[in-house]
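According to UniProt numbering, the sequence shown holds residues 1 to 294 in order.
All C-beta atoms, glycine included, are put in the ideal place defined by N, C-alpha and C.
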Amino acid sequence: GISKGENAEGTNIWSNYIQMHNDGGHLSVYSDGQFRFQNLNNIIFESEGWAPGYGYFSVTTTEPHIFTNNSGQFTFKRKGSDYKIHFVNGATDHDLIIGNAMIRSSIVQGYNNGLQIKDMMGKGWKDIELRTLRAQENISATGRMWAQEFIPNSSRTLKTDIEDLPFSALDKINSVNIKQYHFIRDVERFQSGESITLPINYGMIAEDSDDVFTTPQKDAVTLYSSVSISIQAIQEVDFKVKNLQFDHGMLKQEVDTLKEQLEAEKLEKVSMKAEIDELKVLVQQLINEEPKQP
Numbered sequence: 001g002i003s004k005g006e007n008a009e010g011t012n013i014w015s016n017y018i019q020m021h022n023d024g025g026h027l028s029v030y031s032d033g034q035f036r037f038q039n040l041n042n043i044i045f046e047s048e049g050w051a052p053g054y055g056y057f058s059v060t061t062t063e064p065h066i067f068t069n070n071s072g073q074f075t076f077k078r079k080g081s082d083y084k085i086h087f088v089n090g091a092t093d094h095d096l097i098i099g100n101a102m103i104r105s106s107i108v109q110g111y112n113n114g115l116q117i118k119d120m121m122g123k124g125w126k127d128i129e130l131r132t133l134r135a136q137e138n139i140s141a142t143g144r145m146w147a148q149e150f151i152p153n154s155s156r157t158l159k160t161d162i163e164d165l166p167f168s169a170l171d172k173i174n175s176v177n178i179k180q181y182h183f184i185r186d187v188e189r190f191q192s193g194e195s196i197t198l199p200i201n202y203g204m205i206a207e208d209s210d211d212v213f214t215t216p217q218k219d220a221v222t223l224y225s226s227v228s229i230s231i232q233a234i235q236e237v238d239f240k241v242k243n244l245q246f247d248h249g250m251l252k253q254e255v256d257t258l259k260e261q262l263e264a265e266k267l268e269k270v271s272m273k274a275e276i277d278e279l280k281v282l283v284q285q286l287i288n289e290e291p292k293q294p
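And the structure:
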């Protein structure tokens, strides 16, 4: 059957109608204007497909879908399971809760600088695993970082004002004072009773180190600059060693020359001694052969 409307004069119109089909038991509802449901209780749609592939819920519009409720929360639940996905549009935090993790975007000052990956309650932090992380600017970590290899970008196309170092890299390296220390966060975890081994760390203290090794704020050591200056220092040491080797070679030649001279003088002395001994023998012979006085 068809339920249709009529205008003020009682004339049937087809701008709104409900059509109940005999074939397949389908129901079609049409309206030229707004299609509105209003009630004072829950709105429930249920579909129990009579066979696999039946029971879909499909909404198609030409404009965006807008969903509004007082709490700003939307939940998607798997039938027959307690697993849910929540979209929570809170007063200060906007959360997507999936599994045991939460993706949060906050508008609170101090927390509004990016996405947060937290546990499902929004209390602790969660890990993230992916293939390649591509950052347009910086990557910051308050803990340790592991990598198979660090490859800094160092192409000439990224640099300008390229000059040789205006200082002795070896002097800068010799000014470094390496310390051993504990990180405060490790001590706090250990003192709180957490079962960890308190690691000993070795390195520079940024505030006490030369500016060439640190950030302008003196709150961190720049690894790439430190490695580069260390390489230059090694080259300076190598240059000094080669100069010392050259000087050593020259000294060795002088020593060898002196040895040869000493050996020659020694041979000359031996020869002179032999000649003197011969003269002594001749003198003695002359003395022995001297005629006696009458």
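- Between which two residues does the beta strand (DSSP E) carrying residue 102 extend? Within the sequence shown, the letter at position 102 stands for residue 102. That run of the beta strand (DSSP E) goes 101-106.
- Task: Spatial neighbours of residue 112 within its chain, please: CB distance less than 7 angstroms, with the 5 preceding and 5 following residues excluded, ordered by chain position.
- Result: On the sequence shown, residue 112 is found 112 positions in, with the first residue counted as 1. Cβ neighbours of residue 112 beyond the five flanking positions: 106.
- Item | Cβ-based neighbour list, residue 260, same chain, cut-off 7 angstroms, excluding 5 preceding and 5 following | Taking the first residue of the sequence shown as 1, we reach residue 260 at position 260. Nothing meets the Cβ criterion.
- Decide if residue 32 is buried, meaning its Cβ has at least 16 other Cβ atoms within 10 Å, or exposed. Mapped onto the sequence shown, residue 32 falls at position 32. So residue 32 ends up on the exposed side.
- Query: Does the beta-carbon of residue 1 have 16 or more other beta-carbons within 10 angstroms, so that it is buried, or is it exposed?
  - Reply: Position 1 of the sequence shown holds residue 1. Confidence in residue 1 is poor, its pLDDT being 46 and thus under 50, which makes the residue's placement unreliable; the coordinate value appears in the next sentence. With fewer than 16 Cβ atoms within 10 Å of its Cβ, residue 1 is classed as exposed.
- Message: Tell me which residue opens and which closes the alpha helix (DSSP H) that residue 224 is part of.
- Response: By one-based count along the sequence shown, residue 224 stands at place 224. Here the alpha helix (DSSP H) through residue 224 covers 223-289.
- Query: Using CA coordinates, which residue listed in 59, 51, 53 and 52 is at the minimum distance from residue 45?
  - Reply: For this step, residue 45 is matched to residue 45 along the sequence shown. Checked all of 59, 51, 53 and 52; the closest Cα to residue 45 is 59.
- What's the gap between the Cα of residue 213 and the Cα of residue 172? Here residue 213 refers to the residue found at position 213 of the sequence shown. Here residue 172 refers to the residue found at position 172 of the sequence shown. Straight-line Cα distance between these residues: approximately 9 angstroms.
- Message: Beta-carbon within less than 7 angstroms of residue 49's beta-carbon, same chain only, minus the 5 sequence neighbours each way: which residues are those?
- Response: Along the sequence shown, one-based indexing puts residue 49 at 49. Cβ within range, chain order: 55.
- Item | the segment 172-186 / the segment 200-213 touching (three or more Cβ pairs under 8 angstroms) | yes
- Task: State the Cα-Cα distance for the pair residue 94 and residue 83, rounded to the nearest angstrom.
- Result: By one-based count along the sequence shown, residue 94 stands at place 94. By one-based count along the sequence shown, residue 83 stands at place 83. Computed Cα separation, rounded: 20 angstroms.
- Since I believe residue 158 is in contact with residue 232 (beta carbons under 8 angstroms), could you give me their beta-carbon distance rounded to a whole number of angstroms? To locate residue 232, count along the sequence shown from 1; it is residue 232. To locate residue 158, count along the sequence shown from 1; it is residue 158. Between residue 158 and residue 232 the Cβ distance is about 20 angstroms, and since that is not below 8 angstroms, they are no contact.
- How would you call residue 226, buried or exposed, if buried means at least 16 neighbouring beta carbons within 10 angstroms? As a first step, residue 226 must be located in the sequence shown, where it is residue number 226. Buried is the call here.
- Bridge partner(s) assigned by DSSP for residue 203: Along the sequence shown, read from residue 1 onward, the residue named residue 203 stands at position 203. Answer is 179.
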